[in-house]
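Following our numbering, the numbering of the sequence shown begins with 139 at its first residue and continues without gaps.
Here is the structure we will look at.
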Amino acid sequence: MDFGLVLQTDPPASRVISLMKRAERNGFTHGWTFDSAVLWQEPFVVYSQILANTTTLKVGPMVTNPGTRTWEVTASTFATLNDMFGNRTVCGIGRGDSAMRVAGRRPNTLARLGEAIDAIRDLAEGREAEVDGQRIRLPWVRDGELPVWMAAYGPKALALTGQKADGFILQLADPFLTEWMVKAVRNAAAEAGRDPDAITVCVAAPAYVGDDLAHAREQCRWFGGMVGNHVADLVSRYGEHSGMVPEALTDYIKGREGYDYSHHGRAGNPSTDFVPDEIVDRFCLLGPPEAHIEKLRALRDLGVDQFAVYDMHDAQETTIDAYGAEIIPALGD
């Protein structure tokens, strides 16, 4: 199992770079960041410095979207980084939540997302693609490689992931829901004539190592609110008891009253008081190293290839170090 580190690009960028260097030293293979231009600093600028200060770490957004930047700009940016540092980028992509809503726009449609996945990958790898009705190619790309991993929760998005993407990003670490969603992605891939086992599965969630569970829950409760944004969209689209989305995912948002993006992805987010302890425990990895190892082994048995640690809390360095010392080595068997 591979391991990734997920950060927000809060200033100073030097701290983000330092934490990513620390992650590589501790055995992490991927460095991910949020991508929301209003809320945080521009991640692709920071990626250049992360890549320059690491040796093998792969970087990318978790996640970008097809509406913030034009597709040829996104592809060219990835391709430039790959040309400078070797093929060490991954394009995590989704419909767009904070990046679009904070700027007063609606998330992208799945149809547009599907077209963007093909176009961005083709352009970044040197092939011709259609963008807004125009056939274009980046003539300077040589030996480019850009895996595109899609973030999804709902049935149509999971199907699109299986049909189009090289990887699946699931932003929660509940084994029951992971099994349900991975199966949906792999079934869609098989129906599309693709090899379902060729799709990389990445589960991303907060991890907090320590014995004080009450404190760990409070530091990670924000995640249930972030996931709740996507669940609320699914409920509005499919209905609360449609059978299209597991009730294990939808039940907890009944007390949700809104969401303030100024606290997005941060410990102490006041918009997440509705998230119960049970959901925090199910969605996150909390407790001593042994508890993390046990849950990660269960996820690995369900086909998870990478666990990406959301490290937005008050124990960033100690979490990275604990994973490097005790947890990552245990998952190498």
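The beta-carbon is built from N, C-alpha and C at its ideal position, and this holds for glycine as well.
Owing to the predicted nature of the structure, the values given are computational and were not obtained by experimental measurement.
Let me check understanding here. Comparing Cα to Cα, which of the options lies closest to residue i?
i	options	result
V413	V197, C229, Y390, L145	Y390
D281	A262, D270, M288	A262
I188	A405, M364, L219, P384	L219
T338	L248, G470, V320	V320
F172	I431, I458, A343	A343
R355	E428, R438, H451, F445	H451
T208	M139, G441, D270	D270
Where do the ends of the beta strand (DSSP E) carrying residue i lie?
i	result
A290	Segment: none, A290 is in no beta strand (DSSP E) and carries neither H nor E.
R250	First-last for R250: 248-262, but that is the alpha helix (DSSP H), not the beta strand (DSSP E).
W278	It is not in any beta strand (DSSP E) - W278 carries neither H nor E in the DSSP assignment.
F306	305-308
F412	Per DSSP, F412 belongs to no beta strand (DSSP E) and is neither H nor E.
V269	267-269
W209	From DSSP, W209 is part of no beta strand (DSSP E) but of the alpha helix (DSSP H) over 209-223.
Closer than 8 Å by C-beta to residue i: which residues in its own chain qualify, once you throw out the five before and the five after it? Chain order, please.
i	result
E266	D260, R273, I274, R275
N325	G300, P334
L195	M158, A161, E162, F166, T167, H168, G169, I188, L189, R226
L284	A213, F216, A217, N220, N225, T227, V228, C229, I258, R259, A262, E263
L248	R233, K294, A295, L298
Would you mind giving the Cβ-Cβ distance between residue i and residue j, rounded to the nearest angstrom? I have them listed as a contact below 8 Å.
i	j	result
F306	A328	Actually they do not touch by this definition, with Cβ atoms about 14 Å apart.
K302	D256	7 Å
V418	R332	Their Cβ separation, rounded to whole angstroms, is 35 Å, which puts V418 and R332 out of contact at 8 Å.
T457	V347	5 Å
In the DSSP assignment, find the unbroken alpha helix (DSSP H) run with residue i in it and report its ends.
i	result
Y185	181-190
I417	415-421
H84	Missing from the structure shown is residue 84; the chain here goes from 139 to 471 and no further.
In chain order, what residues of the same chain lie with their CB nearer than 7 Å to the CB of residue i, ignoring the 5 residues before and after it?
i	result
G198	W170, T227, V228, C229, G230
W318	P384
A460	V347, P427
Q454	L157
T410	R359, W360, G362, G363
With which residues is residue i paired in a DSSP beta bridge?
i	result
K321	DSSP lists no partner for K321.
T388	DSSP, once it has assigned bridges, lists no residue as partnering T388.
I231	T202, M288
Q444	D140, C340
A345	L423
H451	In DSSP, H451 forms no bridge with anything.
By Cβ distance below 6 Å, which residues in the same chain neighbour residue i in space, the five residues on each side in sequence not counted?
i	result
T202	D173, I231
P204	N246, R250, L251, A254
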